[in-house]
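What follows is one structure encoded as structure tokens, with my remarks underneath.
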Ligand SMILES: [Zn+2]
Ligand SMILES: [Zn+2]
Ligand SMILES: [Zn+2]
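Numbering (the working numbering), first residue to last: 2 to 198.
Listed below in structure tokens is the structure:
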């Protein structure tokens, strides 16, 4: 688990929160592309072995921002937030999974507040935040994985659900996040297994 780095951002096209994971090894070896399932935006990471160049789709202002980090910032430590120069808010967070998930939660709340006039982001905001924090706890225990054996996954947040998508085989597990029953169902789970393809 500690070999992995997580990347969080909000897709500017469809508004879904994205959490993607890559191993440190893969990040150092080759360029990475972390695409939203809407296929209209992706976070891109390139490296020359010393520095990392990132192209970050920004869910706050809708533009794409460029950033540069050195290997230590990207690969070590709790994490680093990248700011949106327009809104002066964090629009991307890279680091340990827990930090990234917390940061994505904050970003989602911020985006939602900005959109408050065009209606609610989630079917039930309270349930959604509870579900996200429950998922965070399960992830913290290392409880999320795929039946194909992979521990790599991406998370996408919709209006009434959270999808966990296997990073290896693309298998998908949908967690409903709209009602009290959805939350109860999740709270009694120790682990979550994505059904691999
Ligand atoms: Zn999208
Ligand atoms: Zn921005
Ligand atoms: Zn899988």
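Yeah, the Cβ is synthetic: ideal placement off N, Cα and C, and Gly gets one too.
- Residue pairing of residue 22 in beta bridges, as defined by DSSP: 7.
- With a contact defined as Cβ atoms closer than 8 Å, residue 51 and residue 72 qualify at about 6 Å.
- Judged by the Cβ position, residue 144 fails to qualify as a neighbour of ligand 3 at the 7 Å threshold, every heavy atom of the ligand being at least this far.
- Going by beta carbons, residue 18 and residue 158 fall inside the 8 Å limit.
- At least 8 Å separates the beta-carbon of residue 68 from that of residue 44.
- The alpha-carbon of residue 198 is positioned some 6 Å away from that of residue 170.
- The Cβ atoms of residue 190 and residue 145 do not sit closer than 8 Å to each other.
- When DSSP states are grouped into helix, strand and coil, residue 85 belongs to the coil group.
- Residue 195 is bridged by DSSP to 147.
- Under the 10 Å beta carbon count, residue 32 is surrounded by fewer than 16 other beta carbons and is classified as exposed.
- Here the C-alpha atom of residue 14 lies approximately 15 Å from the C-alpha atom of residue 66.
- Taking the Cβ of residue 59 as the reference point, every heavy atom of ligand 1 lies at 7 Å or farther away.
- Residue 92 is positioned such that its CB atom lies closer than 8 Å to that of residue 10.
- Runs of beta strand (DSSP E) with 3 or more residues, each lying fully within the segment 31-106, are found at 33-36, 43-48, 52-58, 65-71, 80-84 and 91-96, listed in chain order.
- Measuring C-alpha to C-alpha distances from residue 185 to each of 135, 156 and 147 identifies 135 as the nearest.
- For residue 155, the three-state secondary structure derived from DSSP is strand.
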